[in-house]
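In this note's numbering, the protein residues as written are 19 to 164.
Below is one structure; the comments refer to it alone.
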Amino acid sequence: MNTRLRIAMLTTLLMTGVAQAAEVIDVYRDPNCGCCKSWIKHLESNGFSVRDHVEPNMSEVKQRLGVAPRLASCHTAVIDGKFVEGHVPAAQIRDLKNHPDLVGIAVPGMPMGSPGMDGGPTRQPYQVIGLTQAGADQVIAEYPGN
Numbered sequence: 019m020n021t022r023l024r025i026a027m028l029t030t031l032l033m034t035g036v037a038q039a040a041e042v043i044d045v046y047r048d049p050n051c052g053c054c055k056s057w058i059k060h061l062e063s064n065g066f067s068v069r070d071h072v073e074p075n076m077s078e079v080k081q082r083l084g085v086a087p088r089l090a091s092c093h094t095a096v097i098d099g100k101f102v103e104g105h106v107p108a109a110q111i112r113d114l115k116n117h118p119d120l121v122g123i124a125v126p127g128m129p130m131g132s133p134g135m136d137g138g139p140t141r142q143p144y145q146v147i148g149l150t151q152a153g154a155d156q157v158i159a160e161y162p163g164n
C-alpha cells in the first residue's frame, strides 16, 4: 500500500472517531457495593476506560478529593483532576471539560433510575450538581422522574 493511501485511510479513521482513544476515569468504590459495579458498566458502555479502585474507607477518599458531605453518594471517580460523585450520567461527565469553573460534579444520594440504579420501573427525579471553585452548588442537568 502506498504512503498516500495509508495517510488517507488514517485521516478517515481519525475523522470518524474510530481510532479515538477512550477517556480514562478512576473509580473508587466499596468492595461490597453492587450499584457501583453497575455504574462502571454504564461508563464502559459509553466509551470510558475505567480504572477500578476498591477502597475500604470511602469517607477518607471523598474528603481527600473535596467532595462536600451534602453531595455524597456511594462511589467517587476522578477524571482530569475533577471529582465525579455518585450516579452521574456519562453525558455530564463528558461535558465536565466545558466547565472550567467546577471542581467536580455529583448526583447526591442514590436516586432510582439514575445510571447504575436502573433496576426497576420507578424513576426518581434527580439533578447533577456542580461544585464551583468558590464552594457554591450549581445545577448542571436535571432528569425527570416518572
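Think of the CB as a built atom: it goes at the ideal place given N, C-alpha and C, for glycine as much as any other residue.
The structure presented is a predicted model; accordingly, all values stated were derived computationally and were not measured.
Runs of the beta strand (DSSP E) spanning 3 or more residues and lying entirely within the stretch 54-78 occur at 66-72, in chain order.
Here residue 151 carries a coil assignment [DSSP, helix/strand/coil].
Looking at the backbone, the Cα of residue 156 and that of residue 94 are separated by about 19 Å. Under the DSSP assignment, residue 47 falls in the beta strand (DSSP E) whose first and last residues are 41-47.
About 4 Å separates the beta carbons of residue 125 and residue 104, which is inside the 8 Å limit, making them a contact pair. Distance from the CA of residue 151 to the CA of residue 65, rounded to the nearest whole angstrom, comes to 28 Å. Judged by DSSP secondary structure, residue 90 falls outside any beta strand (DSSP E); it is assigned neither H nor E.
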